[in-house]
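Visitor: Numbering of the sequence shown is given in numbering that gives the first Met the number 0, commencing with residue 0 and proceeding in unit increments. Just so you know, even glycine gets a beta-carbon here, dropped at the ideal spot from N, CA and C. A single structure is presented below for examination.
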Amino acid sequence: MATRSPHISTNDTLVVQGVVLRTLAYFDVFRHPLTLEELCRFGPGSTVSREELRSILEELEGNGSIGHHAGYYGLKNVRASAAERERSEALAISRMPTALKMSRKIARTPFIRAVFISGSMSKGRSEKHGDIDYFIITVPGRLWVARTILVLYKKLFLFNSHKDFCVNYFLDTEHLTVEDRNRFTATEVVTLLPTYGNGTTEAFFAQNAWAFKMYPGARPTPSVEVPIGNGGWKYRVERWLGGGIGDVLDSWCMNLTWRRWRRKFGHLDARTFELALRTRTYVSKHHPRNFQDRVLNGYMDRVFALEKELGHQLS
């Protein structure tokens with residue numbers, strides 16, 4: 000067992016242990032063990048040095064709270080989870096050119112001002128039949144026009160396949176703050192991969208500084224800025240739909256989508272519908288499986304199990 004670092008007190012050590020265990024518990028939901036570098040990013044941040052964190056990890060491993068294999072740390076079955084992670088990382092690398100290609104198509108769409116790769120791909124993972132998710136920012140008052148154009152493209156040219164083109168979250172430039180503030184949304188924000196929209200992407204991260212307070216070691220990823228050409232078609236359509244006709248069309252697109260979702264997902268209670276299918280002039284969220292709640296419930300189950308095992312609450 001490692002000797003506790005002389006630079007942090009017993010109380011501070013317990014706090015850091017709690018942060019580490021909570022972090023590992025969250026990523027365990029995805030069977031995603033973390034490296035020391037990632038624990039610096041998603042764990043206690045600059046409050047401890049790498050060597051102090053390494054010492055605390057060795058102590059937790061020594062008392063059986065966590066496991067360690069080939070540079071990865073996790074709660075249980077780390078060997079199997081590490082192998083699964085490496086397999087899915089290799090697949091994500093092979094799919095990244097497709098994600099960038101689709102990002103470019105999205106960025107060329109009228110009224111789009113920023114594009115991010117989100118979901119599992121933003122964390123460097125992918126599954127054989129998994130989707131590539133995108134988080135999109137539009138100009139105000141045209142979010143639903145932009146979304147409808149993208150949905151029509153998916154239906155007409157991609158045979159309605161979500162695999163490479165899952166456009167499930169939109170905000171506009173006047174409403175950049177993510178409303179739901181919890182570990183799930185914070186993790187999604189700090190891991191977003193910007194592919195288009197210098198200036199807008201920075202403004203988004205600034206408006207969601209709360210997520211980086213939850214993960215003090217995390218930093219926004221710079222945008223890769225996929226090329227979109229001269230944007231001739233994009234900006235012509237924006238001029239054509241810049242006035243009253245565009246206002247009417249945007250409202251019509253939103254109401255049409257909302258009515259369709261109410262029919263299709265009418266079995267959801269009001270709270271779940273609002274959380275999973277948020278529909279306002281400035282936000283569109285399409286997560287009908289309510290993945291957020293499932294992840295947070297899985298996370299809390301793991302935290303409670305750890306607290307029961309340790310005999311005290313995690314800091």
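#1: Would you mind giving the Cβ-Cβ distance between A145 and P109, rounded to the nearest angstrom? I have them listed as a contact below 8 Å.
#2: Closest to G118 by C-alpha separation, out of V166, L149, Y152, A210, would be which residue?
#3: Which residue from Y71, T12, T22 puts its Cα closest to that of L35?
#4: Counting only the same chain and skipping the five closest in sequence on each side, list residues whose C-beta sits under 8 Å from that of G140.
#5: Is the Cβ-Cβ distance between T194 and V150 less than 7 Å?
#6: Under 8 Å: do the segment 41–49 and the segment 79–97 share three or more Cβ pairs, one atom per stretch?
#7: Does the count of Cβ pairs from the segment 255–267 and the segment 220–235 closer than 8 Å reach three?
#8: First and last residue of the alpha helix (DSSP H) that includes E190?
#9: Which residue's Cα is closest to the Cα of G42: V18, S121, G63?
#10: Excluding the 5 residues flanking L155 on each side, which residues of the same chain have their C-beta closer than 7 Å to its C-beta?
#11: Given that a residue counts as buried once 16 or more other Cβ atoms are within 10 Å of its Cβ, and exposed if not, what is T2?
#12: Threshold first: 4 residues or longer. Then list the alpha helix (DSSP H) segments lying entirely within the segment 155–231, N to C.
#13: Nearest-angstrom Cα distance between V28 and N181?
#14: Can you look up I131 in the DSSP assignment and give me helix, strand or coil?
#15: If you count every other CB in all the chains shown that lies within 10 Å of the CB of T176, and 16 or more means buried, which is it?
#16: Would DSSP call S117 helix, strand or coil?
#17: I116: which of R103, K127, V14 sits nearest, CA to CA?
#18: Which residues does DSSP pair with R279 in a beta bridge?
#19: Would E51 be called buried (16 or more neighbouring beta carbons within 10 Å of its own) or exposed?
#20: Rank P221, H285, R84, M101 by C-alpha distance to the C-alpha of L157 and give the top, closest one.
#21: In whole angstroms, what separates the C-alpha of R398 from that of A217?
#22: Look at the alpha carbon of P5 and the alpha carbon of P215, and state the distance between them as a whole number of angstroms.
#23: So what does DSSP say about P5, is it helix, strand or coil?
#24: Quick check on I148: does DSSP put it in helix, strand or coil?
#25: Counting C-beta neighbours from all protein chains within 10 Å, is the total for W143 16 or more, i.e. buried, or is it exposed?
#26: Residues in its own chain within less than 7 Å of H286 by CB, not counting five upstream and five downstream?
#27: Note down, in chain order, each residue of its chain lying with its Cβ closer than 7 Å to the Cβ of F264, except the 5 sequence neighbours on either side.
#28: Since G66 is in the beta strand (DSSP E), which residue starts that stretch and which ends it?
#29: Residues in its own chain within less than 8 Å of A106 by CB, not counting five upstream and five downstream?
#30: By DSSP's criteria, L33 is part of a beta bridge. Which residues make up the other side?
Guide: For this structure:
#1: 6 Å
#2: V166
#3: Y71
#4: D171, G245, D246, D249, T280
#5: no
#6: no
#7: no
#8: Correcting the residue identity first, residue 190 is Thr in this sequence and not Glu. Taken as a continuous stretch (DSSP letters only), the alpha helix (DSSP H) holding T190 covers 182–190.
#9: V18
#10: none
#11: Unreliable positioning characterises T2 in this predicted model, as indicated by a pLDDT of 47, which lies under 50. The coordinate reading is nonetheless provided below. The residue in question, T2, is exposed, as its Cβ has fewer than 16 Cβ neighbours within 10 Å.
#12: 182–190, 199–206, 208–213
#13: 15 Å
#14: coil
#15: exposed
#16: strand
#17: R103
#18: V282
#19: buried
#20: M101
#21: Residue 398 lies beyond the stretch modelled for the chain, which goes from 0 to 314, so this question has no answer here.
#22: Low confidence applies here, because P5 scores a pLDDT of 48, under 50, leaving its location unreliable and the question unanswered by this model.
#23: With a pLDDT of 48 at P5, under the threshold of 50, the modelled position of this residue cannot be trusted; read the value that follows with caution. Looking at P5 - three-state DSSP - the assignment turns out to be coil, as it is neither helix nor strand.
#24: helix
#25: buried
#26: N167, A275
#27: F272, L276, P287
#28: 66–68
#29: V114, T194, Y195, G196, V225, I227
#30: Y72
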